[in-house]
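S.K.: Residue numbers (the UniProt record's numbering): 1 to 457.
#1: When the Cα atoms are used, what is the spatial distance from residue 87 to residue 359?
#2: What is the rounded straight-line gap between the Cα of residue 183 and the Cα of residue 57?
#3: Please report the distance separating the alpha-carbon of residue 325 from that of residue 311.
#4: Using three-state DSSP, classify residue 140 as helix, strand or coil.
#5: Contact defined as beta carbons within less than 8 Å: I believe residue 107 pairs with residue 452. What is the distance between those atoms, to the nearest angstrom?
#6: Under 8 Å between the Cβ atoms of residue 372 and residue 413?
#7: By DSSP, does residue 244 sit in helix, in strand, or in coil?
#8: Using CA atoms only, rank isn't needed, just tell me which of 309, 15 and 118 is closest to residue 162.
#9: For residue 367, count neighbouring C-beta atoms within 10 Å of its own C-beta (all shown protein chains included) and say buried if the count is 16 or more, exposed if not.
#10: In three-state terms, what does DSSP make of residue 24?
#11: Count the other CB atoms, across all protein chains shown, that sit within 10 Å of the CB of residue 40; report buried if there are 16 or more and exposed otherwise.
#12: Check whether the Cβ atoms of residue 394 and residue 363 sit closer than 8 Å, and answer yes or no.
#13: What's the gap between the Cα of residue 230 and the Cα of residue 306?
#14: Using 8 Å for Cβ pairs, my map puts residue 416 next to residue 374. What's the rounded Cβ distance?
#15: For residue 458, count neighbouring C-beta atoms within 10 Å of its own C-beta (all shown protein chains included) and say buried if the count is 16 or more, exposed if not.
#16: Taking the beta carbon of residue 288 as the centre, do at least 16 other beta carbons fall within 10 Å, making it buried, or is it exposed?
#17: Going by alpha carbons, who is nearest to residue 525 out of 266, 210 and 247?
#18: State the beta-bridge partners of residue 280 as determined by DSSP.
#19: Roughly how many angstroms separate the alpha carbons of residue 207 and residue 160, rounded to a whole number?
#20: Using beta-carbon positions only, say whether residue 224 and residue 238 come within less than 8 Å of one another.
#21: For chain C, check one thing: does any of its Cβ atoms lie closer than 8 Å to the Cβ of residue 101?
#22: Are residue 242 and residue 218 touching if we call contact CB-CB under 8 Å?
#23: Contact between the region 287 to 304 and the region 422 to 431 is defined here as three or more beta-carbon pairs at a separation below 8 Å; is this criterion met?
#24: Excluding the five sequence neighbours on either side, which residues of its own chain have a C-beta within less than 7 Å of the C-beta of residue 321, listed in chain order?
#25: Buried or exposed for residue 300, going by 16 or more other Cβ atoms inside 10 Å?
#26: Relative to the alpha-carbon of residue 98, which residue among 442, 26, 188 and 245 has its alpha-carbon at the smallest distance?
#27: Only counting the same chain, and skipping five residues up and downstream in sequence, which positions put a Cβ closer than 7 Å to that of residue 169?
#28: Let me check understanding here. Comparing Cα to Cα, which of 131, 284, 396 and 259 lies closest to residue 531?
#29: Between residue 448 and residue 267, what straight-line distance do the alpha-carbon atoms span, to the nearest angstrom?
#30: Whole angstroms are fine: how far does the CA of residue 340 sit from the CA of residue 216?
#31: Look at the alpha carbon of residue 164 and the alpha carbon of residue 185, and state the distance between them as a whole number of angstroms.
#32: Which class does residue 295 belong to by DSSP, given the choice of helix, strand or coil?
#33: Ignoring anything shorter than 3 residues or poking outside the region 103 to 137, list the beta strand (DSSP E) runs there in chain order.
#34: Starting from the C-beta of residue 262, find all residues in its chain whose C-beta is less than 7 Å away, skip the five residues before and the five after it, and write them out in chain order.
#35: Count the other C-beta atoms from every protein chain shown that fall within 10 angstroms of the C-beta of residue 135, then say buried if there are 16 or more, exposed otherwise.
#36: Roughly how many angstroms lie between the CA atoms of residue 264 and residue 278, to the nearest whole one?
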């Protein structure tokens, strides 16, 4: 029994005869033509191959769809995970919260390159590809409070100081960097320009603040990482560790720096001296984002770590890091055990005899570049965004994707979870779940090339 229509049969037979035409004798071809009732063979030598390739493409699409269905089914099974997470105290409501739908969409005239929520105030700042940034009141998102034309080219990152700074009358500051080679410092309340930092010789990509400090690190396409004093705008130190564009930075609460580059490596450095302490190699493409994994997450990531040799947890806890995570243009997220530097009294640390980081786990699920990473305050969930227009939530205990958000219509460049507000800044690194729950803010935002910022609830 055939499921083909008469036209489909004729087209198929014609394709077969056309394919066989140069391969068999005229007599054989004529016999087949008579048997199949074909009066005229269509003159297209590639017709059967085209139809075969079309079938292969359809089969691939079916496999992709089946994979998506399986993933969504798995997520559906785990959909209540974030509401029933097994924390020691059943009253910890906020620690089980995660965004699931869009509360508000903020429209812009240009692509959104960076989003940042104020560490203390209900304010949101969004950087755009035209070089400007917007200040929003999160309690009234009808229109922005300020529109600041900060850079003459794309604004690549915007960060807010985690602490109030004495040189700015004990107010927070915003620091922006752009493709115009400048780093600029702004008052976080008035958005008034305080100073401009010059010294990079190419696009400035990323900024990170030192803890309780007036100092920042920046990185650039000129391959340098620079340390700046914001009180006077001076560049205190400049060092080179990568052989190509340095895309991204992260800093521990202490003195250790992570950097990711176009050279496909991730480097661990001592920030103040610039001494290289370790290297991670494993991505097959440009590194877009790197983050130290918070100490509170170690108890979950330890379960992914199947290494047999003993690990010096005491020293890791002392220096303030153990693991790192990276995302890149190879569509993957990688979790690394960082190498331990040699700590010397009254001297800068130096690299150990084996400065290679060890790959613990590769998280696979995104279908395009991974652009940004964030951590849920509970320490168990890693959040990623990608050029595949999705935001994914990963369980750091087993590496599974437990939730996917898909509301953007373009590449997602930046995500930010509102910093928790602690009365004592030293509590930011606490492992006390009750204290984290009490001070956590249930606020998450994302921005992308669809010219929108999504505020999630």
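Backbone N, C-alpha and C fix where the C-beta goes; we use that ideal spot for every residue, glycine too. Everything numeric in this text was worked out from a predicted model, so none of it was measured.
M.R.: Reading from the atomic positions:
#1: Its pLDDT being 46, under 50, residue 87 is placed unreliably in this model, and the value from its coordinates should be taken loosely. Cα-Cα distance, rounded: 28 Å.
#2: 48 Å
#3: 18 Å
#4: strand
#5: 6 Å
#6: yes
#7: coil
#8: 118
#9: exposed
#10: coil
#11: exposed
#12: yes
#13: 43 Å
#14: 7 Å
#15: Outside the modelled stretch of the chain, which goes from 1 to 457, sits residue 458, for which no answer is possible.
#16: buried
#17: With the chain represented from 1 up to 457, any question about residue 525 goes unanswered, as that position is not in the structure.
#18: 266
#19: 10 Å
#20: yes
#21: Of the protein chains in the structure, only one exists, and it is not chain C.
#22: no
#23: yes
#24: 252, 256, 292 and 338
#25: buried
#26: 442
#27: none
#28: Past the edges of the chain, shown from 1 to 457, lies residue 531, and the structure says nothing about it.
#29: 27 Å
#30: 24 Å
#31: 14 Å
#32: helix
#33: 112 to 117, 123 to 128 and 132 to 137
#34: 244, 245, 247 and 286
#35: buried
#36: 14 Å
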